[in-house]
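Basically the working numbering = 1-based index in the sequence shown + 31. Report on the structure given below.
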Amino acid sequence: MSILPIPRGVYPSVDRISPEKLARRGIRLVLADLDNTLAPYKEAPTPGAAAWARELEACGVQLFLLSNSRKPNRARQMAQQLGVPYQGRSGKPRRGGYLRAMARMGCTPEQTAMVGDQIFTDVLGACRAGVVPLLVEPIRLAGNPGRYLRYAAETPFRLLGKRRPFL
């Protein structure tokens, strides 16, 4: 288990992460962040994310929405739209939310990947929980000036992650 938040690849979007390749690598569960990973803030999942969820299922990989959202209705509604289980208020980057999700889905860390857009929540938490951390570029940065600073601080980790792809 690594505590260095270095992703195993940086992908343009979730639909560029191959469900077939994940399954071939032994991944049976994908934990996915919601905002800026599957959907823009305050919006529905992108069409690409919805199609990707269906492709995962067809390849025998379960998708599970792992969100830090403090708005319980948002995570629930998005999970219902995608037809997947969810967990809100997950407390990322703490390990507990990851471990609860894996226990609920009957998977081990070796069978699990986490897909998110942030190094210091999604990737760090995945590394701490022993699951494969996959990073996607954020869907949209506009709006919150703090996001620009956070993503700037993540740049070295993103560059290192581009050098170690999982797929």
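Positions of the beta carbon are idealized from the N, C-alpha and C atoms, including for glycine.
### Query
CB Leu96 to CB Ala110, shorter than 7 Å?
yes
### Query
What residue ranges within the region 80-138 form continuous alpha helix (DSSP H) runs of no fewer than 4 residues, ordered along the chain?
103-113 and 126-136
### Task
Please state whether DSSP places Asp148 in a helix, a strand or coil.
coil
#### Entry: Bridge-paired residues (DSSP) for Leu165
Val146
### Straight-line gap, Gly177 to Phe151 (C-alpha atoms, nearest Å)
14 Å
### Query
Near Pro50, what residues of its chain come up, given a Cβ to Cβ distance below 8 Å and the 5 sequence neighbours on each side ignored?
Here the set comprises Trp83, Glu86, Leu87, Ala89, Cys90 and Val92.
### Query
How is the alpha helix (DSSP H) around Leu60 delimited, first residue to last?
Element bounds for Leu60: not the alpha helix (DSSP H) but the beta strand (DSSP E), Leu60 to Ala63.
### Message
Please return the same chain residues whose Cβ sits closer than 6 Å to the Cβ of Arg195, not counting the five positions on each side in sequence.
### Response
Once the five neighbours on either side are set aside, the close Cβ partners of Arg195 are Arg39.
### Task
Kindly indicate which residue of Leu155, Ala106 and Val146 has the alpha-carbon position closest to the one of Leu35.
Leu155
### Query
Is it true that the CB of Ala160 sits closer than 7 Å to the CB of Arg126?
yes
### Message
Helix, strand or coil, according to DSSP, for Ala70 in the structure here?
### Response
strand
### Query
Apart from the five residues just before and just after Phe188, which ones in its own chain have a Cβ nearer than 6 Å to its Cβ?
Pro36, Ile37 and Ile150
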